[in-house]
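Enquirer:
There are 2 protein chains.
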Amino acid sequence: MFDTVKLDCRLFVMTDSKTSSGATSPRRRDGSLRKDLVEAGISILRDKGIEGLSLRECAARAGVSHAAPAYHFKNLTGLYTAISARGFELFSESMDAKRQEAGQGPRDQLLAICEGYLDFAVGHRELFLFMFSGQDMDPQNQDFDTVSSRAYQILSETCAPFVEAGTDPEEIELLVWSLVHGYTHLAMVNKKRPKHIGTALPLLPDLLRHLDFRNRT
Amino acid sequence: MFDTVKLDCRLFVMTDSKTSSGATSPRRRDGSLRKDLVEAGISILRDKGIEGLSLRECAARAGVSHAAPAYHFKNLTGLYTAISARGFELFSESMDAKRQEAGQGPRDQLLAICEGYLDFAVGHRELFLFMFSGQDMDPQNQDFDTVSSRAYQILSETCAPFVEAGTDPEEIELLVWSLVHGYTHLAMVNKKRPKHIGTALPLLPDLLRHLDFRNRT
DNA sequence: CCCTTATCTTGACACTGTCAAGTTAAGGGG
DNA sequence: CCCCTTAACTTGACAGTGTCAAGATAAGGG
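In the order they appear, the protein sequences are chains Z and Y. Using my numbering, the letters of the first sequence map in sequence onto residues 1 to 217. Using my numbering, the letters of the second sequence map in sequence onto residues 1001 to 1217.
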């Protein structure tokens, strides 16, 4: 019943839109609509999940016509890539924030980025699942490569102290990444098992304690 | 251009359908259409990915009218749940097969189910991603609970020898599951990095060697 | 022979992505 | 001042989608 009112949405957005520039109805020649559309997409993910995410719904929330997003993103894949890229920015920020709060010991730093990893997923469940859904991304979008590399760089830096000299750092990186990603992803997928999650993430540090970084052949 | 021929698909299916019962055009009173629709869905996942999976496409491949699937699955969630359930059957079979080929030592058995885990994902990439996409499943479908519990049971049995007496087995289970799931999922998501995959899965055993199952407080 | 019931089919509606064509306004050149 | 180009959209159309209501069709029982 509420859905039939959706078309009026555009009127509301003009007045209560989060963009501070007042009336956003005229055409903008900064790229601000693009950013608004991405932000709209992220809020749709939060509200209605991946199923509800569409070019037209983003357009409606941003207060523009249904085909406006296609101008900025070309097609659905373009929108997905932009949303994912924004997600990786927030993802890196979450890990960075935890890392800077933590102590300087390598173990503290490692635990910190893992907590940042999990925190981001808990705070943006649908976005996290979307980022790691295996969706095809727009290979043209270089921004996406930049921000996802940034996330990997944080992991790589933090793992470096645990890499024995002369060995491939990727093994330790993949070890840590697999463990924290698997734990986080399973927690996000299994909504039914919130036992481990929300209650101050009790098990993740316990799991990390089982990792032996030595290179025993 | 080929898409416009799609409607004729029904005629072909009647003759070359994989069901052995010859002409499948009359109504069936065994539940065989349901199974055919699930199988069609799995083949769609393989051919066109999650994007291409739809009730109507399943119907077309099974040679029935567009609304036939709704009778068996109620709605899209019902179809998704049935497909996922079938996926978990194949998943368990893959782990079981590897487990029985392997040696009887706990370490061999553990490595075997991990290989089965990865093998299934590699062989059914889109289905694997779909099963762990966090999609809402039909809570009415008890079959889904049964088959997904079976998969967890295999993991649990294989981890049991590594659980120290008096400790919660779930910690070891989650440790192993997180590592193998994270490794596998990341490999499936990052199509760009097939370096670790396809070439006889070199790194997974290496990662498992870094696990220390002792309960060191 | 008729009635019930399971198993679909047909038709409709609102929603979706995508494309083609039109519109609007800002900024530059004359 | 006018006009032209161009960026940033809007409008309209089409095929595909999920879902629902209503109809059809046969097997099996009475």
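For each residue, glycine too, the CB sits at the ideal point set by N, CA and C. Quick caveat, the model's predicted, so the values are computed rather than measured.
Please report how far the alpha carbon of residue 1021/Y lies from the alpha carbon of residue 1156/Y, in whole angstroms.
Expert: On the second sequence, residue 1021/Y is found 21 positions in, with the first residue counted as 1. On the second sequence, residue 1156/Y is found 156 positions in, with the first residue counted as 1. For residue 1021/Y, the pLDDT reaches just 37, beneath the cut-off of 50, and the residue's location in the model is therefore unreliable, although a value from the coordinates is still provided. Taking C-alpha positions only, residue 1021/Y is separated from residue 1156/Y by approximately 40 Å.
Enquirer: Give the DSSP-derived three-state secondary structure of residue 211/Z in the structure shown.
Expert: Taking the first residue of the first sequence as position 1, residue 211/Z is located at position 211. In this structure, residue 211/Z counts as strand in the three-state DSSP scheme.
Enquirer: Please state whether the Cβ-Cβ distance between residue 131/Z and residue 84/Z is less than 9 Å.
Expert: For the purposes of this step, residue 131/Z is taken as residue 131 along the first sequence, with counting starting at 1. For the purposes of this step, residue 84/Z is taken as residue 84 along the first sequence, with counting starting at 1. Yes, Cβ-Cβ distance for residue 131/Z and residue 84/Z is below 9 Å.
Enquirer: Within this structure, are the beta carbons of residue 187/Z and residue 121/Z separated by less than 9 Å?
Expert: Locating residue 187/Z in the first sequence gives position 187, counting from the first residue. Locating residue 121/Z in the first sequence gives position 121, counting from the first residue. One thing to note: residue 187/Z has its Cβ within 9 Å of the Cβ of residue 121/Z.
Enquirer: Counting only runs that start and end within the segment 1147-1188 of chain Y, where is the alpha helix (DSSP H) found for 4 or more residues in a row?
Expert: none
Enquirer: When the Cα atoms are used, what is the spatial distance from residue 1179/Y to residue 69/Z?
Expert: For this step, residue 1179/Y is matched to residue 179 along the second sequence. For this step, residue 69/Z is matched to residue 69 along the first sequence. A direct Cα-Cα distance of roughly 39 Å separates residue 1179/Y from residue 69/Z.
Enquirer: Looking at the C-beta of residue 1181/Y, does it have a partner C-beta in chain Z at a distance below 9 Å?
Expert: In the second sequence, residue 1181/Y corresponds to position 181, counting from 1. It does; some Cβ of chain Z falls within 9 Å.
Enquirer: Just checking: is the beta-carbon of residue 1171/Y within a distance shorter than 9 Å of some beta-carbon in chain Z?
Expert: Locating residue 1171/Y in the second sequence gives position 171, counting from the first residue. Residue 1171/Y counts as touching chain Z.
Enquirer: Measure the C-alpha to C-alpha separation of residue 1141/Y and residue 1082/Y and round it to an integer number of angstroms.
Expert: Looking up residue 1141/Y in the second sequence gives position 141. Looking up residue 1082/Y in the second sequence gives position 82. Computed Cα separation, rounded: 8 Å.
Enquirer: Of all the CB atoms in chain Z, is at least one closer than 9 Å to the CB of residue 1196/Y?
Expert: As a first step, residue 1196/Y is located in the second sequence; it is residue number 196 there, counting from the start. Low per-residue confidence applies at residue 1196/Y: pLDDT is 49, beneath 50, and the placement is therefore not dependable, though the value from the model is reported in the following sentence. Yes, contact with chain Z.
Enquirer: Taking only beta-carbon positions, decide if residue 188/Z is within less than 9 Å of chain Y.
Expert: Within the first sequence, numbered from 1, the residue matching residue 188/Z stands at position 188. Look at residue 188/Z: its C-beta is under 9 Å from a C-beta on chain Y.
Enquirer: Are any of the Cβ atoms in chain Z nearer than 9 Å to that of residue 1063/Y?
Expert: Taking the first residue of the second sequence as 1, we reach residue 1063/Y at position 63. With 9 Å as the cut-off, residue 1063/Y does not count as an interface residue toward chain Z.
Enquirer: Please state if the CB of residue 126/Z and the CB of residue 86/Z are separated by a distance shorter than 9 Å.
Expert: Walking along the first sequence from the start, residue 86/Z turns up at place 86. Walking along the first sequence from the start, residue 126/Z turns up at place 126. Their beta carbons are not under 9 Å apart, which means residue 86/Z does not touch residue 126/Z by this criterion.
Enquirer: Taking the C-alpha atoms as reference points, what is the distance between residue 111/Z and residue 162/Z?
Expert: Residue mapping note: residue 111/Z aligns to position 111 of the first sequence, counting from 1. Residue mapping note: residue 162/Z aligns to position 162 of the first sequence, counting from 1. Using only the alpha carbons, I get a separation of about 13 Å.
Enquirer: Are the C-beta atoms of residue 1103/Y and some chain Z residue less than 9 Å apart?
Expert: In the second sequence, the residue the question calls residue 1103/Y occupies position 103. Chain Z contact via Cβ: absent.
Enquirer: Classify residue 1096/Y as helix, strand or coil using the three-state DSSP reduction.
Expert: To locate residue 1096/Y, count along the second sequence from 1; it is residue 96. Residue 1096/Y: helix per DSSP, three-state reduction.
Enquirer: Go ahead and label residue 66/Z buried or exposed: buried means 16 or more other beta carbons lie within 10 angstroms of its beta carbon, across all protein chains shown.
Expert: Position 66 of the first sequence, counting from 1, holds the residue named residue 66/Z. It counts as exposed.
Enquirer: Give me the chain Y residues within the contact set of residue 129/Z, using Cβ-Cβ distance strictly less than 8 Å, ordered along the chain.
Expert: As a working mapping, residue 129/Z is identified with position 129 in the first sequence. Residues of chain Y passing the Cβ test: 1133 and 1134.
Enquirer: Please state if the CB of residue 128/Z and the CB of residue 137/Z are separated by a distance shorter than 9 Å.
Expert: Taking the first residue of the first sequence as position 1, residue 137/Z is located at position 137. Taking the first residue of the first sequence as position 1, residue 128/Z is located at position 128. No. Outside cutoff.
Enquirer: Under 7 Å between beta-carbons, which chain Y residues line up against residue 210/Z? List them in chain order, please.
Expert: In the first sequence, counting from the first residue as 1, residue 210/Z sits at position 210. Within chain Y, the residues near residue 210/Z are 1175, 1211, 1212 and 1213.
Enquirer: Comparing the C-beta of residue 49/Z with each C-beta of chain Y, is any distance below 9 Å?
Expert: Locating residue 49/Z in the first sequence gives position 49, counting from the first residue. For residue 49/Z, the answer is yes, since a Cβ of chain Y falls inside 9 Å of its Cβ.
Enquirer: Helix, strand or coil for residue 1106/Y, going by three-state DSSP, please let me know.
Expert: Here the question's residue 1106/Y lines up with position 106 in the second sequence. In this structure, residue 1106/Y counts as helix in the three-state DSSP scheme.
Enquirer: Return the chain-ordered list of same chain residues with a C-beta closer than 8 Å to the C-beta of residue 1102/Y, the five sequence neighbours on each side being excluded.
Expert: Here residue 1102/Y corresponds to residue number 102 of the second sequence, with the count starting at 1. If we look at residue 1102/Y and ignore the five residues flanking it on each side, its Cβ neighbours are 1108, 1109, 1111 and 1112.
Enquirer: May I have the straight-line CA-CA distance separating residue 215/Z from residue 184/Z, to the nearest angstrom?
Expert: Counted from its first residue, the first sequence places residue 215/Z at position 215. Counted from its first residue, the first sequence places residue 184/Z at position 184. Each residue's Cα considered, the two are about 26 Å apart.
Enquirer: Give me the residue from 1209/Y, 1190/Y and 1148/Y with the minimum Cα distance to residue 1176/Y.
Expert: Position 176 of the second sequence holds residue 1176/Y. Cα-wise, what sits closest to residue 1176/Y is 1209/Y.
Enquirer: With DSSP as the reference, label residue 142/Z as helix, strand or coil.
Expert: The count along the first sequence starts at 1 and reaches residue 142/Z at position 142. Residue 142/Z falls in the helix class under three-state DSSP.
Enquirer: Alpha carbon to alpha carbon, how far is residue 1105/Y from residue 211/Z? Give it in angstroms, no decimals.
Expert: Locating residue 211/Z in the first sequence gives position 211, where the first residue counts as 1. Locating residue 1105/Y in the second sequence gives position 105, where the first residue counts as 1. Distance between the alpha carbons of residue 211/Z and residue 1105/Y is about 22 Å.
Enquirer: If residue 1037/Y and residue 1062/Y are in contact, beta carbons under 8 Å, what's the gap, nearest whole angstrom?
Expert: Locating residue 1037/Y in the second sequence gives position 37, where the first residue counts as 1. Locating residue 1062/Y in the second sequence gives position 62, where the first residue counts as 1. Rounded, the Cβ-Cβ distance is 5 Å, consistent with contact.
Enquirer: Taking 9 Å as the CB-CB cut-off, is residue 92/Z touching chain Y?
Expert: Within the first sequence, the letter at position 92 stands for residue 92/Z. By this cut-off, residue 92/Z is not an interface position.
Enquirer: Check each candidate in 1047/Y, 1181/Y, 1032/Y and 1205/Y and name the one with the smallest Cα separation from residue 1133/Y.
Expert: Looking up residue 1133/Y in the second sequence gives position 133. The candidate whose alpha carbon is nearest that of residue 1133/Y is 1181/Y.
Enquirer: Using alpha carbons as the reference points, say which of 1045/Y, 1072/Y and 1078/Y lies closest to residue 1034/Y.
Expert: What you label residue 1034/Y is simply residue 34 of the second sequence in a count that begins at 1. Among 1045/Y, 1072/Y and 1078/Y, the Cα nearest to that of residue 1034/Y is on 1072/Y.
Enquirer: In the DSSP assignment, find the alpha helix (DSSP H) that holds residue 1033/Y and state where it starts and stops.
Expert: Position 33 of the second sequence, counted from the first residue, corresponds to residue 1033/Y. Start and end: 1032-1052.
Enquirer: Taking only beta-carbon atoms, is residue 1191/Y less than 9 Å away from chain Z?
Expert: Mapped onto the second sequence, residue 1191/Y falls at position 191. Chain Z, which has a Cβ nearer than 9 Å to the Cβ of residue 1191/Y, makes this yes.
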